[in-house]
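Chemist:
Residue numbers (the UniProt record's numbering), protein chains in the order written: chain A, 1 to 330; chain B, 1 to 315.
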């Protein structure tokens, strides 16, 4: 049974004059200990997915429909108090910028002890012992002293390690990492990713890695979702998606990587911008930027379909697989 | 490095403050140093008034009407046992000022504490929860602010004075003053705190606190509030000065501390009747003390505002 099972999750934002659909019928699964990557451009709905899984969308966003089954229970229907017992405890989240995710006025120790004691009945001394163990797990030198320090006394890489240690404090079953290395130096990025990979593997923790970096996804994850304009357009084993992308958008993303271009040549890019979720084009949301777009792409929104191990939402791919265009699903 | 930080932490709280950004700025600012020194002298005098004052102005047994209206000792015709002279009832002005400053400071601080408790809780709730509650609380604050503090206080104190009779009123005057000054000025705090909370709650450490499963109470009190302290400090100094002035004004108008237990304001007021008969010191000396006290508090507040300016501080 999968650890996390998301079905037809739809998230909307109630703006003043209209309701915008930010996530449209997202479905995916994460098995226990599995690492899943979610990639896409800015505004594709990656981060909103993370917050929706935590049931922490802030106003004016809300979960309109769908289910998030976590450990067999539908947490969309959980009360805030029930949800609080899951957050941090069974499901943890790591954010982009460790400079701002730690509370600047509390010491590292205070933040770790507080987190532990919010979920477990522990004495201060016991909580400190666990904190020291966890800091050691993320290779923080002399952890006893770090407990006394404030976040501003530590470097960015060190802080992100501490953020990871806090996420792991209560031995969660799932970690959602939202661009965990974007704000860090390139050299430290690799360290942090290796650490995250190692910890997830050794503790059998599920990981949802939200990123726009395909290189990171290919190293870190077993399965990948590609999102575009609030929908999943391609999903499957990471190796297959990186080596043999089917959807024209995924192909564009991979061709845009610098490694794919000869030195001295212009980088390939996908023309245009992602449409705003408030003004999606009719038909396939990607068609204005797609080289393969035909008449039907402008009229009918493609459904996601399974082809062997991969799921793809594209008329052209369906046609190549011998499935005729479906006119009625408009 | 390791032994350094572990050994120093318990002993060095004071030196950490001294060497902090605020400490440096403080030492580099003579106005702040002098203001704090004067404030500490006044506060010391106020706190230890019973030990310092040569007479007890509350004890009628020590007051002799025959001693009334002696001038301060540097003026001819003074009695050397009365440093600043005596008032119309023969009380030693020096002792009375010490006791009066004590009352004024106490009322000022307690009123501000009450304002802070009310204002900070309301501001936190309004800012963090937002929505309808925010609109409701902020409209209440607007309504409250549309009455002048003094007007509210005068009406309230006049009514209570009439209700309880002046004897009971005089007995509890200090509590009434604290309550009315405290309640009348909470919107100052509430608005400042709300504005800071609105800015703070968008920061990612609040998201990460929510993600860790903390409840709204804990996030408000333990995470957002400590990050909103700078403007609270600044506003507190200004509010203490304001509260002392409000108290003095009310006492001057006869709605505050009774003449038998004078604060600085009622002392100024009681001397006012004699100012034209030549006994200027009964009004002037407490007046100077009041002005100096309020001035140094405001100067300290100005300095603090400069230091805690978020643009300079958080960068």
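We treat Cβ as the ideally placed atom computed from N, Cα and C, and that holds for glycine.
On a predicted model such as this, the values are computed, not experimentally measured, just so you know.
Would you mind telling me which residues of chain A sit closer than 7 Å to residue 226 (chain B), beta carbon to beta carbon, in chain order?
Modeler: Residues of chain A passing the Cβ test: 105.
Chemist: Say whether chain B places a C-beta atom closer than 9 Å to the C-beta of residue 89 (chain A).
Modeler: Closer than 9 Å to some Cβ of chain B, the Cβ of residue 89 (chain A) qualifies, so yes.
Chemist: Under the three-state reduction of DSSP, which class applies to residue 234 (chain A): helix, strand or coil?
Modeler: Reduced to three states, the DSSP call for residue 234 (chain A) is strand.
Chemist: Just to confirm my understanding: we take residue 157 (chain B), look at its own chain, exclude 5 residues before and 5 after, and list those with CB closer than 7 Å. What are they?
Modeler: The residues are 176, 180, 250 and 255.
Chemist: So, do the stretch 226 to 246 of chain A and the stretch 14 to 34 of chain A have three or more beta carbon pairs nearer to each other than 8 Å?
Modeler: Flag = yes, the stretch 226 to 246 of chain A and the stretch 14 to 34 of chain A touch.
Chemist: So for residue 25 (chain A), helix, strand or coil by DSSP?
Modeler: Correct three-state label for residue 25 (chain A): strand.
Chemist: On a Cα-Cα basis, can you pick out the residue from A:52, A:175 and A:121 that is closest to residue 37 (chain A)?
Modeler: Considering only alpha carbons, the answer is A:175.
Chemist: What does the Cβ neighbour count give for residue 193 (chain A), buried or exposed, with the cut at 16 atoms within 10 Å?
Modeler: It counts as buried.
Chemist: Excluding five sequence neighbours on each side, which residues of the same chain lie with their C-beta closer than 8 Å to the C-beta of residue 195 (chain A)?
Modeler: 138, 139, 161 and 164.
Chemist: Residue 304 (chain B): which of B:114, B:31, B:170 and B:15 sits nearest, CA to CA?
Modeler: Residue B:31 is the option with its Cα nearest to residue 304 (chain B).
Chemist: Hey, quick one: how far does the alpha helix (DSSP H) through residue 166 (chain B) stretch, first residue to last?
Modeler: 149 to 184 is the extent of the alpha helix (DSSP H) around residue 166 (chain B).
Chemist: Strictly under 9 Å for the Cβ-Cβ distance: is residue 274 (chain A) near chain B by that measure?
Modeler: Chain B, which has no Cβ nearer than 9 Å to the Cβ of residue 274 (chain A), makes this no.
Chemist: Would you kindly report the start and end of the unbroken alpha helix (DSSP H) that includes residue 46 (chain B)?
Modeler: That run of the alpha helix (DSSP H) goes 30 to 47.
Chemist: Considering Cα atoms alone, identify which of A:56, A:42, A:319 and A:302 is closest to residue 210 (chain B).
Modeler: For residue 210 (chain B), the nearest C-alpha among the options comes from A:56.
Chemist: Under the rule that 16 or more other beta-carbon atoms within 10 Å means buried, what is residue 139 (chain B), buried or exposed?
Modeler: With fewer than 16 Cβ atoms within 10 Å of its Cβ, residue 139 (chain B) is classed as exposed.
Chemist: Alpha carbon to alpha carbon, how far is residue 271 (chain A) from residue 289 (chain A)? Give it in angstroms, no decimals.
Modeler: Taking the straight line joining both Cα atoms gives about 6 Å.
Chemist: For my contact list, residue 124 (chain B) and residue 193 (chain B) are in at a C-beta cut-off of 8 Å; report their separation, rounded to the angstrom.
Modeler: Yes, residue 124 (chain B) and residue 193 (chain B) are in contact; Cβ-Cβ is about 6 Å, under 8 Å.
Chemist: Using a Cβ-Cβ cut-off of 9 Å, state whether residue 233 (chain B) counts as contacting chain A.
Modeler: Chain A, which has no Cβ nearer than 9 Å to the Cβ of residue 233 (chain B), makes this no.
Chemist: Out of A:210, A:295 and A:317, which one is the CA nearest neighbour of residue 244 (chain A)?
Modeler: Here the closest residue by C-alpha is A:317.
Chemist: Beta-carbon separation of residue 69 (chain B) and residue 279 (chain B) under 9 Å?
Modeler: Contact: yes.
Chemist: Along the chain, where does the alpha helix (DSSP H) that runs through residue 95 (chain A) open and close?
Modeler: That residue, residue 95 (chain A), is in no alpha helix (DSSP H); it is neither H nor E in DSSP.
Chemist: For a minimum of 4 consecutive residues, which ranges assigned as the alpha helix (DSSP H) are wholly contained in the stretch 70 to 127 of chain A?
Modeler: 80 to 86, 98 to 101 and 108 to 119, all fully within the stretch 70 to 127 of chain A.
Chemist: So what does DSSP say about residue 58 (chain B), is it helix, strand or coil?
Modeler: Here residue 58 (chain B) sits in coil by DSSP.
Chemist: Using a Cβ cut-off of 8 Å, which residues of the stretch 191 to 208 of chain B contact any Cβ in chain A, in chain order?
Modeler: Listed by position, the residues of the stretch 191 to 208 of chain B near chain A (Cβ gap below 8 Å) are 203, 204, 205, 207 and 208.
Chemist: In its own chain, which residues sit with a C-beta less than 7 Å from the C-beta of residue 184 (chain A), not counting the 5 before and 5 after it?
Modeler: Closer than 7 Å at Cβ, skipping near neighbours: 156, 157, 160 and 192.
Chemist: Select from A:277, A:249, A:269 and A:173 the residue whose C-alpha is nearest the C-alpha of residue 292 (chain A).
Modeler: When only C-alpha atoms are compared, the closest one is A:249.
Chemist: Could you give the C-beta distance for residue 43 (chain B) and residue 105 (chain B), rounded to a whole number, given that I count them as a contact under 8 Å?
Modeler: Confirmed, Cβ separation roughly 7 Å.
Chemist: Taking only the alpha-carbon atoms, compute the straight-line gap between residue 142 (chain A) and residue 204 (chain B) and give it to the nearest angstrom.
Modeler: Going from the Cα of residue 142 (chain A) to the Cα of residue 204 (chain B) covers about 27 Å.
Chemist: Is the CB of residue 118 (chain A) under 9 Å away from at least one CB in chain B?
Modeler: Cβ-Cβ to chain B under 9 Å: yes for residue 118 (chain A).
Chemist: For the stretch 254 to 273 of chain A against the stretch 68 to 75 of chain A, do three or more pairs of beta-carbon atoms, one drawn from each stretch, fall closer than 8 Å, so that the two count as touching?
Modeler: The stretch 254 to 273 of chain A vs the stretch 68 to 75 of chain A: no contact.
Chemist: Distance cutoff 9 Å, beta carbons only. Does residue 9 (chain B) sit that close to anything in chain A?
Modeler: Low per-residue confidence applies at residue 9 (chain B): pLDDT is 47, beneath 50, and the placement is therefore not dependable, though the value from the model is reported in the following sentence. Chain A contact via Cβ: present.
Chemist: Alpha carbon to alpha carbon, how far is residue 83 (chain A) from residue 280 (chain A)? Give it in angstroms, no decimals.
Modeler: Roughly 33 Å separates the two Cα atoms.
Chemist: Comparing alpha-carbon positions, which option in B:223, B:195, B:152 and B:198 lies nearest residue 208 (chain B)?
Modeler: Out of B:223, B:195, B:152 and B:198, B:223 has the C-alpha closest to the C-alpha of residue 208 (chain B).
Chemist: Flag residue 212 (chain B) as yes if its beta-carbon sits less than 9 Å from any beta-carbon of chain A, otherwise no.
Modeler: Closer than 9 Å: yes.
Chemist: May I have the straight-line CA-CA distance separating residue 102 (chain A) from residue 131 (chain A), to the nearest angstrom?
Modeler: Answer to the nearest angstrom: the Cα atoms are 15 Å apart.
Chemist: At a CB-CB cut-off below 7 Å, which residues of chain B make contact with residue 102 (chain A)?
Modeler: Result: 205.
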